[in-house]
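Here the working numbering is used: the first residue of the sequence shown is 40, the next is one more, and so on.
We treat Cβ as the ideally placed atom computed from N, Cα and C, and that holds for glycine.
Notes follow the structure.
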Amino acid sequence: MAILEILKYPSPVLRKKAEKVTEFDEKLRRLISDMADTMYDAPGVGLAAPQIAVSQQVVVIDISPKDEENELIVLINPEIITEEGRQVDEEGCLSVVDLTAKVKRFARIKVKACDLEGNCFEFEAEEWFARVIQHEIDHLNGILFIDRLSTLKRALYKKKRKKQLQQEKQDAGKK
Ligand code: NI
């Protein structure tokens with residue numbers, strides 16, 4: 040069990056395109072287990088490997104209700120193969136502190152991915168589940184949900200975040 044540090048915007052690793060997984064080995068199993076621990080601890084409904092500084096196409100998701108048993112979904116090298124409809128809803132991200140905003144996403148998607156043994160499969164997702172998958176796949180492409188907001192909203196957030204980091208630096212200097 041390992042809870043890892045979640046990188047926050049503007050960490051450059053969050054902007055890198057993640058590499059495809061080619062080795063389905065013990066190392067991958069350990070990565071997934073650490074990612075799940077980190078996601079549940081946060082707590083969050085999804086986590087992509089670049090968020091813990093591993094630039095690989097690995098995503099963990101669990102959208103099961105809090106009072107029900109965990110249902111971990113692991114997606115390796117995930118790809119959206121079809122998309123349709125529109126949905127707009129509030130989104131946040133463990134790497135984007137202190138911000139939630141309405142984001143436009145596809146309503147229904149078909150996804151191709153592999154499991155941790157390297158067996159690939161396809162499935163359909165809609166609504167909230169489809170939203171989380173699109174958000175996490177964005178992470179694998181170096182995209183954050185703030186990139187999907189208006190230029191003004193994004194600029195405001197960048198400014199706020201810059202101030203916050205300066206403040207943190209100052210506070211650390213005082214100690
Ligand atoms: Ni996120």
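Note down, one range per segment and in chain order, each beta strand (DSSP E) of at least 3 residues found wholly within the region 69–138.
85–87, 97–100, 112–123 and 126–132
Nearest neighbour of L179, chosen from R144, A41, A88 and S103 [CA to CA]:
A88
If you drop the 5 nearest sequence neighbours on each side, which residues of the same chain put their C-beta closer than 7 Å to that of K192?
A140
Buried versus exposed call for D80 [16 or more other C-beta atoms within 10 Å across all chains shown]
exposed
How long is the line joining the alpha carbons of L188 and V142, rounded to whole angstroms?
7 Å
Whole-number beta carbon distance between D101 and I112, since they are thought to touch under 8 Å:
7 Å
What whole-angstrom Cβ distance do I115 and I148 have, given they're in contact under 8 Å?
About 17 Å; that fails the 8 Å criterion.
Output the distance between the C-alpha atoms of T77 and E65, rounded to the nearest integer angstrom.
18 Å
Considering Cα atoms alone, identify which of F162, A75, E175 and Q205 is closest to N109.
A75
Do you know offhand how far L43's Cα is from R68's?
15 Å
Below 6 Å from a heavy atom of the ligand NI - residues by beta-carbon:
C132, L133, S134, H174 and H178
Hey, V136 and V97: beta-carbon distance below 9 Å or not?
no
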